[in-house]
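Chemist: Order-wise, the sequence lines are chains A and B.
Be aware that the first sequence starts at 1010, since it is given in our numbering, and climbs by one per residue.
Be aware that the second sequence starts at 2, since it is given in our numbering, and climbs by one per residue.
Glycine residues also receive a C-beta, built at the ideal position from the N, C-alpha and C atoms.
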Amino acid sequence: DAGITQSPRHKVTETGTPVTLRCHQTENHRYMYWYRQDPGHGLRLIHYSYGVKDTDKGEVSDGYSVSRSKTEDFLLTLESATSSQTSVYFCAISESRGASGAYNEQFFGPGTRLTVL
Amino acid sequence: SQQGEEDPQALSIQEGENATMNCSYKTSINNLQWYRQNSGRGLVHLILIRSNEREKHSGRLRVTLDTSKKSSSLLITASRAADTASYFCAYQGAQKLVFGQGTRLTINP
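1. What separation, rounded to the nearest whole angstrom, lies between the Cα atoms of residue 1016/A and residue 91/B?
2. Are any of the Cβ atoms in chain B nearer than 8 Å to that of residue 1054/A?
3. So what's residue 1094/A in DSSP terms, helix, strand or just coil?
4. Find the residues of chain B that neighbour residue 1117/A, judging by a C-beta separation of less than 9 Å, and give them in chain order.
5. Report the neighbours of residue 103/B on chain A: residues whose CB is nearer than 7 Å to its CB, in chain order.
6. Between which residues of its own chain and residue 110/B is the CB-CB distance below 7 Å, once the five residues before and five after are set aside?
7. Would you be able to state if there are at least three C-beta pairs under 8 Å between the stretch 1017 to 1032 of chain A and the stretch 1058 to 1068 of chain A?
8. Answer with yes or no whether the minimum CB distance from residue 97/B to chain A is below 8 Å.
9. So who's on the other strand from residue 1102/A, going by DSSP bridges?
10. May I ask you to report which of helix, strand or coil DSSP gives residue 82/B?
11. Please list the partners that residue 1073/A has in chain B, where partner means a Cβ-to-Cβ separation under 8 Å.
12. So which residues of chain B does residue 1067/A contact, with C-beta pairs closer than 8 Å?
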């Protein structure tokens, strides 16, 4: 397995509370991603990072913020959790894009199951 | 939504049979990738096919790509119980990978 860990692995929280999920990699890959996975929707990109302090929004970024102060860590924050954010969250990493600009394969972490009551 | 479409959503076959899953997408692509997800785990990359390739093999996996029809298929030959999983295609959209909703494959002993 690629060196990707996510913490916590499970979390139950209440509506309105802040939540931070952490992704840590030991591969020194440039790109890091946060996805959420929900039945009927597959994987949807929340935010991604293309370097330290360089981040951009994905398809479903509302209600989420991210930070990347070090190459190895990518944090996802729910400022005020809502029940609609109950989901399984996956972090992924990939190497720099190839010369043609194509994206390489992504390596996924084990996921965090978040329940917002 | 830019999400790709996968077909079928669920597939159940007997061990030893071949399994075919299809993926359609909506934009021009640079490459298309297939991933497997076992229950409760993260996704694992299986194979990548570039837009200038039509077919690619990896062990018991065969992937085809038809850019004129914006579609791809994944064939798993001689299926095994361990192949039971969900399979996702992912294509490169404008800036990032876009995942399909997946095909749930069950291999019956």
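Modeler: Put simply:
1. To locate residue 1016/A, count along the first sequence from 1; it is residue 7. To locate residue 91/B, count along the second sequence from 1; it is residue 90. Rounded to whole angstroms, residue 1016/A to residue 91/B spans 26 Å at the Cα level.
2. As a working note, residue 1054/A is residue 45 in the first sequence. At least one chain B Cβ lies under 8 Å of residue 1054/A.
3. Residue mapping note: residue 1094/A aligns to position 85 of the first sequence, counting from 1. Note: residue 1094/A maps to helix in three-state DSSP.
4. Counted from its first residue, the first sequence places residue 1117/A at position 108. Taking the beta carbon of residue 1117/A as reference, the chain B residues within 9 Å of it are 36, 38, 42, 43, 44, 45, 46, listed in sequence order.
5. By one-based count along the second sequence, residue 103/B stands at place 102. Result: 1051.
6. Taking the first residue of the second sequence as position 1, residue 110/B is located at position 109. 16, 82, listed in sequence order.
7. no
8. For this step, residue 97/B is matched to residue 96 along the second sequence. Closer than 8 Å to some Cβ of chain A, the Cβ of residue 97/B qualifies, so yes.
9. Against the first sequence, residue 1102/A aligns to sequence position 93. Residue 1102/A pairs with 1041/A, 1116/A.
10. Within the second sequence, residue 82/B is the residue found at index 81, counting from 1. Three-state DSSP puts residue 82/B in a helix.
11. Mapped onto the first sequence, residue 1073/A falls at position 64. Chain B residues near residue 1073/A: none, gap ~15 Å exceeds 8 Å.
12. For this step, residue 1067/A is matched to residue 58 along the first sequence. Neighbours of residue 1067/A on chain B, chain order: 97.
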